[in-house]
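*Asks:*
Number of protein chains: 2
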Amino acid sequence: MDQENQVLNDDYDDIESDTGKVFERIYSQPFLIKRRNTTSQIAIVGANVCPVESLDYEIAENDLFKQDWRSRKKIQIFQYVLLKWVFALIIGLGTGLVGIFNNIAVENIAGFKLLLTTELMLKHKYYKAFAAYAGCNLGLAAAAAALCAFIAPAAAGSGIPEVKAYLNGVDAHSILAPSTLFVKIFGSVLGVSAGFVVGKEGPMVHTGACIASLIGQGGSRKYHLTWRWLRYFKNDRDRRDLITCGAAAGVAAAFRAPVGGVLFALEEAASWWRSALLWRTFFTTAVVAIVLRAFIQLCSTGTCGLFGKGGLIMYDVSAAKVTYSAPDILAVILLGIIGGIFGSLYNYLVDKVLRTYSIINERGATIKILLVITISLLTSICSYGLPWLATCIPCPADVSASCPNTDVSGNYKSFQCPSGRYNDLASLFLNTNDDAIRNLLSTSTVNEFHISSLLIFFVAVYCLGIITYGIAIPSGLFIPVILAGACYGRLVGRLFEPISKLDVGLFALLGAASFLGGTMRMTVSLCVILLELTNDLLLLPLVMLVLLISKTVGDIFNKGVYDQIVKLKGLPYMEAHAEPYMKHIVARDVVSGPLITFSGVEKVGNILHALRTTGHNGFPVIDEPPFSDAPELCGLVLRSHLLVLLKGKIFSRDRVLAGDKVLHRFSEFDFAKAGSGKGIKLEDLDVQEEDMDIYVDLHHITNASPYTVVETMSLAKAAVLFRQLGLRHMCVVPKSQGRPPIVGILTRHDFMPEHVLGLYPHIRLRK
Amino acid sequence: MDQENQVLNDDYDDIESDTGKVFERIYSQPFLIKRRNTTSQIAIVGANVCPVESLDYEIAENDLFKQDWRSRKKIQIFQYVLLKWVFALIIGLGTGLVGIFNNIAVENIAGFKLLLTTELMLKHKYYKAFAAYAGCNLGLAAAAAALCAFIAPAAAGSGIPEVKAYLNGVDAHSILAPSTLFVKIFGSVLGVSAGFVVGKEGPMVHTGACIASLIGQGGSRKYHLTWRWLRYFKNDRDRRDLITCGAAAGVAAAFRAPVGGVLFALEEAASWWRSALLWRTFFTTAVVAIVLRAFIQLCSTGTCGLFGKGGLIMYDVSAAKVTYSAPDILAVILLGIIGGIFGSLYNYLVDKVLRTYSIINERGATIKILLVITISLLTSICSYGLPWLATCIPCPADVSASCPNTDVSGNYKSFQCPSGRYNDLASLFLNTNDDAIRNLLSTSTVNEFHISSLLIFFVAVYCLGIITYGIAIPSGLFIPVILAGACYGRLVGRLFEPISKLDVGLFALLGAASFLGGTMRMTVSLCVILLELTNDLLLLPLVMLVLLISKTVGDIFNKGVYDQIVKLKGLPYMEAHAEPYMKHIVARDVVSGPLITFSGVEKVGNILHALRTTGHNGFPVIDEPPFSDAPELCGLVLRSHLLVLLKGKIFSRDRVLAGDKVLHRFSEFDFAKAGSGKGIKLEDLDVQEEDMDIYVDLHHITNASPYTVVETMSLAKAAVLFRQLGLRHMCVVPKSQGRPPIVGILTRHDFMPEHVLGLYPHIRLRK
């Protein structure tokens with residue numbers, strides 16, 4: 001191990017910086033530049049090289065914090081707890097309303113488009129119908145793309161990976177900004193209405209998180225919307241909790257699945273969890289469920305335009321009796337395996353396409369929009385063109401639904417067919433995605449779709465889903481995956497028809513489950529979401545089985561799609577488990593100098609110099625004689641706190657302790673973390689040249705209880721500590737005496753496999 | 001704070017002991033003795049003063065571990081992962097089978113008893129009927145009590161609190177032993193059959209945990225059942241994971257609720273959780289669900305005796321249409337408030353009764369059995385006597401069930417009534433608890449029960465539930481709570497009948513939910529369990545609402561019933577959050593000496609002396625010159641590892657490093673943690689008197705990466721670190737140089753409020 005220490009390169013000087021410079025740092029590593037050529041480690045989709053900021057879930061227990069805590073009265077604590085619940089309520093209400101708005105808007109816009117097309121079709125004006133259909137799609141797509149490209153590039157894509165990264169402690173630039181929220185809501189409506197094979201589920205999760213983040217910002221000084229109580233939430237820890245609630249509310253609103261939402265937040269989104277949060281998240285999703293229910297009841301009277309006929313997915317498979325025997329189990333196992341294979345292939349292809357698109361999207365907003373338009377045209381051609389391949393099928397006699405159907409939603413679309421016949425492919429293609437899924441999941445309609453039609457639709461949706469994700473519109477992954485999965489599920493159901501007693505509708509549901517499991521690799525949450533969607537608990541054992549198999553099979557090949565996107569975006573995500581080789585490296589091995597430290601009473605000039613020349617966010621403070629007998633680690637001071645203190649200008653000519661001046665002048669909340677981009681910046685300080693040589697006392701703003709590890713602590717254990725406690729900085733202290741009291745600081749990036757393997761390339765070989 | 005340091009009392013010498021001596025320690029504290037008089041901190045229910053052992057979830061990364069890890073081949077890692085899944089499968093199968101056995105046995109025994117009673121009743125031999133009924137109950141009760149009192153006192157009670165404590169890191173003596181498992185299974189069958197107001201749900205959770213623990217023991221050398229691969233699981237961390245799966249499987253088997261089981265393990269049982277575990281737990285509960293389903297199908301042909309008519313609860317409320325309006329919401333809110341108040345009162349009374357019983361039970365096995373017999377008689381008198389208060393009601397004309405009913409289960413029991421009439425109280429009292437709940441939850445039977453009957457039954461069940469928990473039989477709390485809750489739910493439903501559209505059956509369900517929320521204070525898991533029981537997701541918003549309200553109301557008054565029992569049993573449970581006053585105390589303040597440390601190469605005599613005279617489980621190892629330049633902390637060595645090393649007798653005459661001898665002689669697995677009570681004991685060593693002065697090298701078995709905190713770390717932060725990482729020992733290192741390299745060791749007990757407040761009584765006053 002000693003040999004390995006010599007690998008440390010001295011020019012690697014911003015080792016513990018963890019803001020802004022991530023990408024420069026990563027690319028300053030030769031091995032990573034080499035890697036870039038092969039695996040293209042570029043931040044993608046509209047956020048060319050996105051600056052990221054680590055979050056700090058540790059409470060800086062400095063004197064100010066303690067002073068404030070001591071003076072905190074019972075009523076304030078009560079206010080704080082009450083506010084948490086009020087916020088949960090607001091998040092639930094907000095997300096529920098957005099969910100309703102989204103559905104009403106999509107159903108009306110897409111419905112109008114489909115009505116127009118159908119009317120022209122009925123008049124046999126087929127070219128005009130296509131022009132109308134493709135034109136509408138194009139216009140909507142272009143609008144969505146323009147919103148994304150010009151206002152908030154961060155709103156493109158699903159948003160779930162970014163929310164996941166945020167909850168892990170990585171704040172990608174403007175990912176939760178109000179502009180992103182705006183574009184996410186309207187871009188999603190436009191994108192889904194434009195007939196893309198995209199869902200509104202991922203965007204809903206992102207929307208929920210954005211709403212939660214907005215609430216946690218502590219109001220807006222610009223618009224005089226500050227509120228004294230909000231200051232309690234001005235820290236990363238409380239914001240994290242709010243955003244967890246928001247993510248859960250998003251899923252709950254997207255699927256009308258409150259329990260599923262909580263489980264999604266728990267299983268997929270959150271990296272930290274505690275029991276109290278479970279309860280609050282549950283409350284939030286309950287509020288969402290109640291809002292949705294109220295509006296659906298309101299809309300059932302016909303006041304919401306075309307909404308009410310389709311929309312707000314809830315698939316009814318209760319007509320099918322759930323009885324299964326050995327051949328069904330066999331079919332389910334087969335579905336699971338297919339789901340795992342298709343799912344991992346899907347992930348692989350999505351990854352490849354995303355890397356390609358990221359290069360295209362880097363060339364500017366116009367190119368982005370052009371890409372969206374191209375995909376939109378392709379989608380329109382598929383949707384309108386492919387149904388012509390299908391033959392017209394005579395309407396079944398015993399069906400309760402109208403056939404052929406010229407309405408917006410529903411089965412048995414007439415398309416070009418004469419009366420008494422219907423086009424089964426058109427029932428899938430010329431519908432909203434929600435309705436197409438509903439048709440695939442419809443029970444007691446075994447022969448509605450030809451096997452060839454199902455095959456065509458599956459191939460089209462699978463491919464369109466892959467090439468659509470990554471273009472500059474808000475695009476969820478759930479719906480494409482459910483569509484394709486339900487399609488091959490129904491196919492398998494048709495093949496097993498002679499020996500199976502299960503309804504093909506249930507097969508479609510199990511197919512959707514298998515493909516979801518194969519791509520997203522969630523288990524419990526998907527299971528509950530699907531059960532809440534179908535309202536049939538008797539399916540539980542089958543859904544569980546299929547999910548377990550597809551996830552297991554998928555995991556053999558690659559990671560889940562969200563993890564893959566997080567990695568692709570270059571977000572430094574910390575896994576729950578340390579890499580095995582980290583057991584053989586100690587903390588000292590990845591820390592490198594030069595380390596910048598401050599004295600307990602430091603010259604203003606030195607501090608300003610350090611702030612200017614480095615991007616570091618935390619600086620160790622060391623007490624030296626005469627303030628202590630020997631140099632000792634006093635604690636850690638944060639950049640943001642230093643800026644506030646310097647702006648306050650409590651300086652002194654001599655190198656002496658400042659006493660209680662700082663405590664009298666400031667309160668804890670002056671140091672609260674401002675909303676993103678709102679804190680004091682270095683340029684805001686007006687320190688004069690003559691102040692450079694005078695002193696400032698850092699003791700009161702120093703976190704006197706930073707988490708430390710001894711330099712010989714194995715990196716694996718240090719990583720577990722870092723991740724479990726949600727730290728941003730971890731001090732490495734020397735083992736032996738007679739040396740400076742701190743060896744270095746570990747930050748998130750020091751635990752990244754890229755960094756560690758860059759320092760010790762031979763580990764990679766041994767692996 | 002300096003002033004506070006002087007409080008440290010020097011006679012407090014076994015401060016970092018954490019095995020066996022817990023109770024002596026606690027009672028050696030004057031403040032605790034004082035407290036004992038007021039709050040009676042005695043371990044209860046058959047485990048008079050139960051020794052507890054802290055668990056260690058930290059991996060001791062010593063040289064042996066590293067050597068083993070380096071040599072571990074891919075196939076071994078694969079074996080390990082595969083075994084985890086095989087174990088999950090076995091746990092699922094085992095728990096599922098026990099669940100089925102339990103149900104079949106209870107239904108047959110209780111059914112036989114009820115049939116006998118009913119037959120005698122039909123012949124108007126009322127006194128004989130009572131004698132038969134009470135006699136059967138008495139015999140069964142005495143058998144259960146004898147099992148509990150003589151074979152495994154730890155099997156009494158619910159078991160959930162102990163499992164919860166185990167998963168928090170506290171292993172109460174023999175709580176997961178094979179004898180406990182045996183008594184839990186048979187005692188539960190006998191107890192439930194005996195007509196007590198107890199459930200089999202808590203015992204099922206305990207059973208699942210016991211099965212999991214048995215599997216994690218690594219076979220049995222005594223019976224030559226060892227298996228090489230099992231050694232991977234010989235550590236607390238893997239056992240914890242297995243037991244989490246077991247607890248989930250228990251709930252799944254008890255309620256046929258696989259998702260609910262997972263959530264229960266997550267919300268109530270487990271203190272640590274990770275995503276991978278979610279998946280494995282889910283698999284286990286899926287296996288349970290499949291086993292149950294298979295057997296129910298098998299039993300539906302009538303091969304299981306009386307089982308199949310009742311048993312394996314699944315309440316069908318689907319007949320009732322779920323439509324609700326404003327008055328219903330009002331009723332639900334009222335139910336929630338009632339549930340919270342009754343629930344917290346229930347907890348309060350259970351606590352009081354348990355304290356009384358613990359004093360009674362301490363007097364020996366005979367007294368224990370007498371107590372059980374007394375309660376059994378009381379229960380029999382209530383069950384048989386109270387129905388006489390009810391008037392006979394004419395059978396409704398339009399009912400599909402047979403009326404009056406002389407069968408084992410079902411509504412409309414005839415009891416003493418003439419033909420064409422039924423006794424509504426008998427339908428509740430003279431049934432198994434499962435059937436009584438089913439009757440209360442039956443829909444479309446609004447007027448089946450008189451309001452006065454419901455009131456009598458509620459009072460009886462509420463009181464019997466309170467006085468039954470704590471006697472020496474395995475007794476779950478779910479069923480009594482559901483019974484009482486469903487009863488007052490139905491009552492409220494009757495009162496709201498004029499203005500409500502909800503069925504009284506649904507009211508009963510909501511009542512059960514409210515009372516569960518009020519006593520157990522779970523939310524998501526209870527909600528999902530209830531939904532899985534009733535198979536009706538449309539109830540979700542109402543169940544959520546009622547649970548949220550009842551938990552909130554209950555939390556105002558006291559803690560959840562399981563937390564209360566954990567506290568009552570004196571188990572040192574670590575809460576997720578540190579107490580607020582711990583922010584003002586630093587780690588140094590609660591650590592006190594004298595600390596026993598070893599040198600890297602230590603005299604055998606010194607080690608033996610330390611092992612003999614203290615109960616400490618971890619000893620810091622300090623390297624001194626000539627092995628290092630200055631004294632430095634080398635790491636932490638565990639008692640169990642020392643014993644293995646001393647038994648191996650790799651000693652040397654001189655004070656020199658032993659080289660690789662230890663690594664050659666031992667492998668990691670020689671140091672694996674043995675099953676409870678199986679490890680090497682101090683008496684097993686045969687170190688001669690002449691060996692006392694020779695040396696042994698501790699370096700290779702020393703965990704070189706112990707987690708450390710600086711002495712000035714706030715106790716609150718240290719507690720979070722300790723709890724989050726699941727530690728058993730935490731080293732406190734000095735802040736300044738020139739002092740010994742370790743200040744002390746913190747263990748679980750040092751974080752207990754009792755200990756901290758004992759050292760600093762004025763904090764309590766300030767609170």
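Respectively, the protein sequence lines represent chains Z and R. For the first sequence, counting from 1, position 593 maps to 593 in the UniProt record's numbering; every step adds exactly one. For the second sequence, counting from 1, position 351 maps to 351 in the UniProt record's numbering; every step adds exactly one. Glycine residues also receive a C-beta, built at the ideal position from the N, C-alpha and C atoms. Being a predicted model, the structure only gives us computed values, none of them experimental.
#1: Does DSSP classify residue 173 of chain Z as helix, strand or coil?
#2: Use the C-beta contact count for residue 438 of chain R: other C-beta atoms within 10 angstroms, 16 or more gives buried, fewer gives exposed.
#3: Starting from residue 210 of chain R, follow the alpha helix (DSSP H) in both directions and report where the run begins and ends.
#4: Residue 122 of chain Z: buried (16+ other C-beta within 10 angstroms of its C-beta) or exposed?
#5: Checking contacts by CB at 8 Å: is residue 472 of chain Z closer than that to chain R?
#6: Okay, do the region 514 to 524 of chain R and the region 540 to 555 of chain R touch, 3+ Cβ pairs below 8 Å being the bar?
#7: Which chain Z residues sit within Cβ distance under 7 Å of residue 71 of chain R?
#8: Alpha carbon to alpha carbon, how far is residue 763 of chain R from residue 757 of chain R? Give it in angstroms, no decimals.
#9: By how many angstroms is the C-alpha of residue 370 of chain Z removed from the C-alpha of residue 706 of chain R?
#10: Quick one: what does DSSP say residue 121 of chain Z is sitting in, helix, strand or coil?
#11: Assign residue 195 of chain Z to one of three DSSP states: helix, strand, or coil.
#12: Measure the C-alpha to C-alpha separation of residue 445 of chain Z and residue 326 of chain Z and round it to an integer number of angstroms.
#13: Just verifying my parser: in three-state terms, what is the DSSP assignment at residue 597 of chain R?
#14: For the 8 Å Cβ check, are there 3 or more pairs between the region 354 to 371 of chain Z and the region 456 to 476 of chain Z?
#15: Residue 60 of chain R CB to nearest chain Z CB: under 8 Å?
#16: Does DSSP classify residue 520 of chain Z as helix, strand or coil?
#17: Beta-carbon of residue 297 of chain R versus every beta-carbon of chain Z: anything under 8 Å?
#18: Suppose contacts are defined by Cβ-Cβ distances below 8 Å. Is residue 349 of chain R in contact with residue 466 of chain R by that definition?
#19: Bridge partners of residue 54 of chain Z, per DSSP?
#20: For residue 430 of chain Z, count neighbouring Cβ atoms within 10 angstroms of its own Cβ and tell me buried if that reaches 16, exposed if not.
#21: Between residue 412 of chain Z and residue 236 of chain Z, which are expected to be in contact by the criterion C-beta below 8 Å, what is the C-beta distance as a whole number of angstroms?
#22: So, for residue 267 of chain R: in the same chain, excluding its five sequence neighbours on each side, which residues have a beta-carbon less than 8 Å away from its beta-carbon?
#23: Would the region 724 to 731 of chain Z and the region 81 to 91 of chain Z be scored as touching if the rule is three or more Cβ pairs under 8 Å?
#24: Based on Cα-Cα distance, which residue from Z/108, Z/153, Z/98 and Z/154 lies nearest to residue 185 of chain Z?
#25: Using a Cβ-Cβ distance cut-off of 8 Å, determine whether residue 636 of chain Z contacts chain R.
#26: Along chain R, in chain order, which residues have C-beta atoms closer than 8 Å to that of residue 240 of chain Z?
#27: Please state whether the Cβ-Cβ distance between residue 239 of chain R and residue 233 of chain R is less than 8 Å.
#28: What would DSSP say about residue 634 of chain R, mapped onto helix, strand or coil?
#29: Would you mind telling me which residues of chain R sit closer than 9 Å to residue 714 of chain Z, beta carbon to beta carbon, in chain order?
#30: Just the C-alpha distance for residue 68 of chain Z and residue 335 of chain R, rounded to the nearest angstrom, thanks.
#31: Just verifying my parser: in three-state terms, what is the DSSP assignment at residue 394 of chain R?
#32: In this structure, how does DSSP classify residue 745 of chain R when only helix, strand and coil are distinguished?
#33: Mind checking the region 149 to 177 of chain Z against chain R and listing, in chain order, the residues whose C-beta falls within less than 8 Å of any C-beta there?
#34: Taking residue 478 of chain Z as the reference, which of Z/651, Z/202 and Z/54 has the closest Cα?
#35: Flag this pair as yes or no: are the beta carbons of residue 264 of chain Z and residue 533 of chain Z separated by less than 8 Å?
*Replies:* Reading it off the structure:
#1: Residue 173 of chain Z sits at position 173 when you count from the first residue of the first sequence. Of the three classes helix, strand and coil, the one that applies to residue 173 of chain Z here is coil, per DSSP.
#2: Position 438 of the second sequence, counted from the first residue, corresponds to residue 438 of chain R. That one is buried.
#3: Start at 1 with the first residue of the second sequence, and residue 210 of chain R comes out as number 210. That run of the alpha helix (DSSP H) goes 201 to 215.
#4: Against the first sequence, residue 122 of chain Z aligns to sequence position 122. That one is exposed.
#5: The residue you call residue 472 of chain Z lines up with position 472 of the first sequence. Judged by the 8 Å Cβ criterion, residue 472 of chain Z is not in contact with chain R.
#6: yes
#7: Along the second sequence, one-based indexing puts residue 71 of chain R at 71. Chain Z residues near residue 71 of chain R: none, gap ~13 Å exceeds 7 Å.
#8: Here the question's residue 757 of chain R lines up with position 757 in the second sequence. Here the question's residue 763 of chain R lines up with position 763 in the second sequence. Approximately 7 Å, taken between the alpha carbons.
#9: Taking the first residue of the second sequence as 1, we reach residue 706 of chain R at position 706. Taking the first residue of the first sequence as 1, we reach residue 370 of chain Z at position 370. Approximately 58 Å between the Cα atoms of the pair.
#10: The sequence position of residue 121 of chain Z within the first sequence is 121, counting from 1. Three-state result, residue 121 of chain Z: helix.
#11: The count along the first sequence starts at 1 and reaches residue 195 of chain Z at position 195. Here residue 195 of chain Z sits in coil by DSSP.
#12: If you number the first sequence from 1, residue 445 of chain Z lands on position 445. If you number the first sequence from 1, residue 326 of chain Z lands on position 326. About 23 Å.
#13: Residue mapping note: residue 597 of chain R aligns to position 597 of the second sequence, counting from 1. Three-state DSSP puts residue 597 of chain R in coil, outside helix and strand.
#14: yes
#15: By 1-based counting over the second sequence, the position of residue 60 of chain R is 60. Residue 60 of chain R does not count as touching chain Z.
#16: The residue given as residue 520 of chain Z occupies position 520 in the first sequence. In the structure shown, residue 520 of chain Z sits in a helix (DSSP, three-state: H, G or I).
#17: Position 297 of the second sequence holds residue 297 of chain R. No, no contact with chain Z.
#18: Counting from 1 along the second sequence, the entry for residue 349 of chain R is found at position 349. Counting from 1 along the second sequence, the entry for residue 466 of chain R is found at position 466. The answer is yes: Cβ separation under 8 Å.
#19: For the purposes of this step, residue 54 of chain Z is identified with residue 54 of the first sequence, where counting begins at 1. Note: residue 54 of chain Z sits in a beta bridge opposite Z/170.
#20: Residue mapping note: residue 430 of chain Z aligns to position 430 of the first sequence, counting from 1. Answer is buried; the Cβ neighbour count reaches 16.
#21: Locating residue 412 of chain Z in the first sequence gives position 412, where the first residue counts as 1. Locating residue 236 of chain Z in the first sequence gives position 236, where the first residue counts as 1. No, residue 412 of chain Z and residue 236 of chain Z are not in contact; Cβ-Cβ is about 54 Å, not under 8 Å.
#22: Here the question's residue 267 of chain R lines up with position 267 in the second sequence. Closer than 8 Å at the Cβ level, and outside the excluded window around residue 267 of chain R, lie 522, 523, 524 and 525.
#23: no
#24: Sequence index remark: in the first sequence, residue 185 of chain Z carries index 185 (1-based). Here the closest residue by C-alpha is Z/98.
#25: Counting from one through the first sequence, the residue named residue 636 of chain Z turns up at place 636. Output row for residue 636 of chain Z: interface = no.
#26: Within the first sequence, residue 240 of chain Z is the residue found at index 240, counting from 1. Per Cβ cutoff of 8 Å: no residues; residue 240 of chain Z is ~15 Å from chain R at best.
#27: Here residue 239 of chain R corresponds to residue number 239 of the second sequence, with the count starting at 1. Here residue 233 of chain R corresponds to residue number 233 of the second sequence, with the count starting at 1. In contact: residue 239 of chain R and residue 233 of chain R (Cβ atoms closer than 8 Å).
#28: As a working mapping, residue 634 of chain R is identified with position 634 in the second sequence. Note: residue 634 of chain R maps to strand in three-state DSSP.
#29: Translated into the one-based positions of the first sequence, residue 714 of chain Z becomes position 714. Under the 9 Å cutoff, chain R gives 61, 66, 704 and 705.
#30: Position 68 of the first sequence, counting from 1, holds the residue named residue 68 of chain Z. Position 335 of the second sequence, counting from 1, holds the residue named residue 335 of chain R. One C-alpha to the other measures close to 40 Å.
#31: Here residue 394 of chain R refers to the residue found at position 394 of the second sequence. In this structure, residue 394 of chain R counts as strand in the three-state DSSP scheme.
#32: Here residue 745 of chain R refers to the residue found at position 745 when the second sequence is read from its first residue. Here residue 745 of chain R sits in strand by DSSP.
#33: none
#34: If you number the first sequence from 1, residue 478 of chain Z lands on position 478. Out of Z/651, Z/202 and Z/54, Z/202 has the C-alpha closest to the C-alpha of residue 478 of chain Z.
#35: Within the first sequence, the letter at position 264 stands for residue 264 of chain Z. Within the first sequence, the letter at position 533 stands for residue 533 of chain Z. Result no, Cβ atoms of residue 264 of chain Z and residue 533 of chain Z do not sit closer than 8 Å.
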